[in-house]
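Residue numbers (my numbering), protein chains in the order written: chain A, 1 to 257; chain B, 1001 to 1333.
Ideal placement from N, C-alpha and C gives every residue a C-beta, glycine not left out.
Predicted model, so just to flag it, every value in this text is computed and none were measured.
These notes are about the structure you will find just below.
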Amino acid sequence: MDKSALITGAGGGLGRGLALALARRGYHLFLHGRDESKLRALAVELEPYSRPSLYRADLSDPVACSRFIDSLLAETAPPRLVIHNAALMPAGEFLTLPAAEIESTFAVNLLAPAELTRRLCAASPAPEGVMFILSTAARFPQPYNSLYSASKAGLRFLAESLQVELAGRTRICLAYPPLTDTPMTARFALPLPKAAPLPVAERIIRAYERGQNEITWLDWEIMPVLVYRLLPRFFRHLLQSKREMLKNALKHEGNKV
Amino acid sequence: MPQHPLAIKIAGLGKYLPEKIVTSAELEEQLDIPSGWVAQTTGVVSRRYASGETVSQMATSAAQSALCMAGMQPSDLDAIIGASASVQQAIPCTAAFVQRELGAPDGKSACFDINATCLGFVFALQTAVHLIAAGVYKNVLIFSSELATFSRNPKQWESAVLFGDGAAAAIVTAAQPGEASALWHSRFVTYSSGAELTQLVGGGTLHHPNDPATTPEMNMFDMDGPGVFKKAARLVPPFLDEFSKTSGIKNGDYDQVIPHQASGHGLKLLTARFGFHPERVFNHIHERGNCIAASIPLALTEAVEAGRVKRGDKVLLLGTGAGLSVGGLAFTF
Chain A
1 MDKSALITGA GGGLGRGLAL ALARRGYHLF LHGRDESKLR ALAVELEPYS
51 RPSLYRADLS DPVACSRFID SLLAETAPPR LVIHNAALMP AGEFLTLPAA
101 EIESTFAVNL LAPAELTRRL CAASPAPEGV MFILSTAARF PQPYNSLYSA
151 SKAGLRFLAE SLQVELAGRT RICLAYPPLT DTPMTARFAL PLPKAAPLPV
201 AERIIRAYER GQNEITWLDW EIMPVLVYRL LPRFFRHLLQ SKREMLKNAL
251 KHEGNKV
Chain B
1001 MPQHPLAIKI AGLGKYLPEK IVTSAELEEQ LDIPSGWVAQ TTGVVSRRYA
1051 SGETVSQMAT SAAQSALCMA GMQPSDLDAI IGASASVQQA IPCTAAFVQR
1101 ELGAPDGKSA CFDINATCLG FVFALQTAVH LIAAGVYKNV LIFSSELATF
1151 SRNPKQWESA VLFGDGAAAA IVTAAQPGEA SALWHSRFVT YSSGAELTQL
1201 VGGGTLHHPN DPATTPEMNM FDMDGPGVFK KAARLVPPFL DEFSKTSGIK
1251 NGDYDQVIPH QASGHGLKLL TARFGFHPER VFNHIHERGN CIAASIPLAL
1301 TEAVEAGRVK RGDKVLLLGT GAGLSVGGLA FTF
């Protein structure tokens, strides 16, 4: 198999965009999602380019996650490119978040990519590339989006560690897409510009093809990243002063991605 | 005359679905079938295929969920009934393997299989209900677990694309005083004139696997789809008339009808006639396919998950199976 890719969380948003971008380039796709009907609809969209293999699994359940990997590996050698895209974002005040969401957010955002990477990279032939879809939430702390921010930061450090450990074997790529207009971010009244998912996905794939292993955007989000790095105390002060605004914008309305 | 209801309930339901989704478009490409034919002919848009799971693993997983819903432990079971067309091996019964994989204690439960293909689960439910009512068993696990993909005949399009893999399980026990759950009526009839309409001739003693005259085709599923449809369409109406007369329940009185997901056309026929409320006939064949014996319990489990069947609802399980058998079971969930 020359060009093949696995995308988790492919049912909508950025995952769907990544699937379209790769399908147009002739990749055979293995698509994972939680909503069977969305996956089927995407398969129909992809028909002119390729016929994807579809998997439904709830990655917040470690048993289901491991079964998903079993059935993937029963069908194919590890895909050449693995994209960890699935994520949950249960934003809102930490103390009001349902207990189960701590577990499910870390399971989907951090444990599932870790386990998938472990199993796929241990198999032979190991994937050529593993891409971690991160977020600016992995580059500076985001109050009222604490679980997402913490799990993405964890994922970033996992990816950066593997970059060294797997060097020469599997290429590890970190993508930091900007705030994108997807089902995940749709319910938040953030007074911030959101990028369209298809161009973001296209750019990620183009950068990957160019050999970039850290894909970032030079937009307004670079400001908080820089301030956090250079002036951490001032950054904290800034967040404190915008607390009410953040709290209202990231009100918890159920963890639906 | 209405039967005396038996105070028995389905205390737990569970399912197992393989992660792999196979769309009809994929199968059309694999089997060289014209595009769009599968959905049009069978009503199936996608189904799940197992990749490496065994029949007993799938059954055990479904049984664990069912036990969890019932609030029971494997050690609470005193009977395990396998009701699948797919068996793990010829001997012993699959139920024995499920006892072990489930961690149900050795020697604590009686294990046996009932095979009536698509109607297997409903036959087993009828059996369990009456054995519980008679005081033979207290807590019975029934499972149906199907790996249909093994016996697909790629040359027989209609059956090759119709089936899906999956498992479902139910815990049956006596209803507590004050609970509405009950079995109202159950009835099965077999028309052996239709025995050859649906068959898998290999695997038995007539065409033994070691017999050199046994061909690979004989070990594949063989179905005269239009023949089954025609015969069933003729037999089901009088069956339902008789069922409603004996049970005293009119077809329109059911809160939910869970038919065997035999085929898209079969379900359409059932929904259009017979006086059932079309919105109360459960239909998920488009994304599950026909899961043989697991079809009815899987549909029931998903109907409960979707909130379409609630405690106290009157439900009719209805189906046909190889034989050709027609059967129904009316109960309050």
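Checklist entry - So which of A/135, A/152, A/70 has the shortest CA-CA distance to residue 57 of chain A? => result Minimum Cα distance to residue 57 of chain A is reached at A/70.
Checklist entry - Which bits of chain A does residue 1023 of chain B rub up against, with CB to CB less than 7 Å? => result Near residue 1023 of chain B (Cβ distances below 7 Å), the residues of chain A are 40, 43, 54.
Next on the checklist: Any beta carbon from chain B within less than 8 Å of residue 258 of chain A's own beta carbon?
Outcome noted: As shown, chain A starts at 1 and ends at 257. That puts residue 258 of chain A outside it, with no answer to give.
Item to check | chain B contacts from the region 70 to 93 of chain A (Cβ-Cβ distance under 7 Å) | outcome: Residues passing the 7 Å Cβ filter: 70, 71, 74, 75.
Item to check | Partner residues on chain B for residue 57 of chain A, Cβ-Cβ distance less than 7 Å | outcome: Near residue 57 of chain A (Cβ distances below 7 Å), the residues of chain B are 1019.
Checklist entry - Once you ignore the five residues that flank residue 123 of chain A on each side, which residues in its own chain have a CB closer than 8 Å to its CB? => result These residues qualify, in order along the chain: 73, 77, 78.
Checklist entry - Hey, residue 1033 of chain B and residue 1157 of chain B: beta-carbon distance below 8 Å or not? => result Between residue 1033 of chain B and residue 1157 of chain B, the C-beta gap is smaller than 8 Å, which places the two residues in contact.
Item to check | Status (buried if at least 16 other CB within 10 Å, exposed otherwise) for residue 192 of chain A | outcome: Exposed, by the Cβ-count rule.
Next on the checklist: Measuring alpha carbon to alpha carbon, tell me which residue in A/30, A/207, A/156, A/194 is nearest residue 220 of chain A.
Outcome noted: In terms of CA proximity to residue 220 of chain A, A/194 leads the group A/30, A/207, A/156, A/194.
Checklist entry - In chain B, what lies closer than 7 Å to residue 16 of chain A by C-beta? => result For residue 16 of chain A, there are no C-beta contacts with chain B under 7 Å, since the nearest C-beta of that chain is about 16 Å from it.
Checklist entry - Is the beta carbon of residue 1332 of chain B sitting closer than 8 Å to the one on residue 1314 of chain B? => result One thing to note: residue 1332 of chain B has its Cβ within 8 Å of the Cβ of residue 1314 of chain B.
Next on the checklist: One question on the structure: do residue 1009 of chain B and residue 1195 of chain B come within less than 8 Å of each other, judged by their Cβ atoms?
Outcome noted: No, Cβ-Cβ distance for residue 1009 of chain B and residue 1195 of chain B is not below 8 Å.
Next on the checklist: Using a Cβ distance threshold of 8 Å, determine whether the region 1157 to 1174 of chain B contacts the region 1105 to 1114 of chain B, with at least three qualifying pairs required.
Outcome noted: Under the 8 Å Cβ criterion, the region 1157 to 1174 of chain B does not count as touching the region 1105 to 1114 of chain B, having fewer than three qualifying pairs.
Next on the checklist: Taking 8 Å as the threshold (C-beta atoms), are residue 1261 of chain B and residue 1299 of chain B in contact?
Outcome noted: Inclusion of residue 1299 of chain B and residue 1261 of chain B in the CB contact set at 8 Å is warranted, their separation being smaller than that value.
Next on the checklist: In this structure, how does DSSP classify residue 248 of chain A when only helix, strand and coil are distinguished?
Outcome noted: Under the three-state reduction of DSSP output, residue 248 of chain A falls in the helix class.
Item to check | For residue 1172 of chain B and residue 1273 of chain B, the rounded distance between their alpha carbons | outcome: Between residue 1273 of chain B and residue 1172 of chain B, the C-alpha separation is close to 31 Å.
Checklist entry - Where do the ends of the alpha helix (DSSP H) carrying residue 203 of chain A lie? => result In the DSSP assignment, residue 203 of chain A falls within the alpha helix (DSSP H) that extends over 197 to 209.
Item to check | Coarse secondary structure for residue 1184 of chain B, derived from DSSP in three states | outcome: Three-state DSSP puts residue 1184 of chain B in a strand.
Checklist entry - By Cβ distance below 6 Å, which residues in the same chain neighbour residue 258 of chain A in space, the five residues on each side in sequence not counted? => result Chain A is shown only over 1 to 257; residue 258 of chain A falls outside these bounds and no answer can be derived.
Next on the checklist: Let me see if you follow: with CB-CB separation under 8 Å, is residue 103 of chain A close to chain B or not?
Outcome noted: With 8 Å as the cut-off, residue 103 of chain A does not count as an interface residue toward chain B.
Next on the checklist: Any beta carbon of chain B sitting closer than 8 Å to that of residue 243 of chain A?
Outcome noted: Not a single C-beta of chain B is nearer than 8 Å to the C-beta of residue 243 of chain A.
Checklist entry - Using a Cβ-Cβ cut-off of 6 Å (strictly less than) and excluding sequence neighbours within five positions of residue 1301 of chain B, which residues of its own chain qualify? => result Here the set comprises 1013, 1015, 1168.
Next on the checklist: Rounding to the nearest angstrom, what Cα-Cα distance links residue 1027 of chain B and residue 1159 of chain B in this structure?
Outcome noted: Near 12 Å, if we compare the C-alpha coordinates of residue 1159 of chain B and residue 1027 of chain B.
Next on the checklist: Run through chain B and tell me which residues come within less than 7 Å of residue 67 of chain A, C-beta to C-beta.
Outcome noted: By Cβ distance, chain B contributes 1019.
Checklist entry - Using Cβ-Cβ distances below 7 Å, what residues of the region 1275 to 1295 of chain B are close to chain A? => result Cβ contacts with chain A: 1287.
Next on the checklist: Can you tell me whether residue 146 of chain A is helix, strand or coil according to DSSP?
Outcome noted: If DSSP states are grouped into helix, strand and coil, residue 146 of chain A belongs with the helices.
Next on the checklist: Please classify residue 13 of chain A as buried or exposed, where buried requires at least 16 other C-beta atoms within 10 Å of its C-beta.
Outcome noted: Buried, because 16 or more other Cβ atoms sit within 10 Å of the Cβ of residue 13 of chain A.
Item to check | C-alpha gap between residue 1023 of chain B and residue 1051 of chain B, whole angstroms | outcome: Put simply, the backbone Cα of residue 1023 of chain B is about 15 Å away from that of residue 1051 of chain B.
Next on the checklist: Which residue wins for smallest C-alpha separation from residue 1058 of chain B, given the options B/1320, B/1143, B/1257?
Outcome noted: When the alpha-carbon of residue 1058 of chain B is set against those of B/1320, B/1143, B/1257, the nearest one is in B/1143.
Item to check | residue 1101 of chain B: first and last residue of the uninterrupted alpha helix (DSSP H) it sits in | outcome: Note, residue 1101 of chain B: alpha helix (DSSP H), 1094 to 1102.
Checklist entry - Helix or strand or just coil, what does DSSP make of residue 255 of chain A? => result Note that residue 255 of chain A scores a pLDDT of 44, beneath 50, so its modelled location is shaky and nothing firm can be said.
Checklist entry - Going by other Cβ atoms of all chains shown within 10 Å of its Cβ, with 16 needed for buried, is residue 1020 of chain B buried or exposed? => result Per the 10 Å Cβ criterion, buried.
Next on the checklist: Excluding the 5 residues flanking residue 1220 of chain B on each side, which residues of the same chain have their C-beta closer than 6 Å to its C-beta?
Outcome noted: Excluding five sequence positions before and after residue 1220 of chain B, the CB atoms of its chain that fall closer than 6 Å to its own CB belong to 1151, 1153, given in chain order.
Checklist entry - residue 34 of chain A to residue 1075 of chain B, Cα distance in whole Å? => result For residue 34 of chain A and residue 1075 of chain B, the distance between alpha carbons rounds to 33 Å.
Item to check | According to DSSP, residues forming a beta bridge with residue 1110 of chain B | outcome: In DSSP, residue 1110 of chain B forms a bridge with B/1079.
Checklist entry - Mind checking residue 312 of chain A: buried by the 16 CB within 10 Å criterion, or exposed? => result Residue 312 of chain A cannot be examined here, being either before or after the span of chain A that is shown, 1 to 257.
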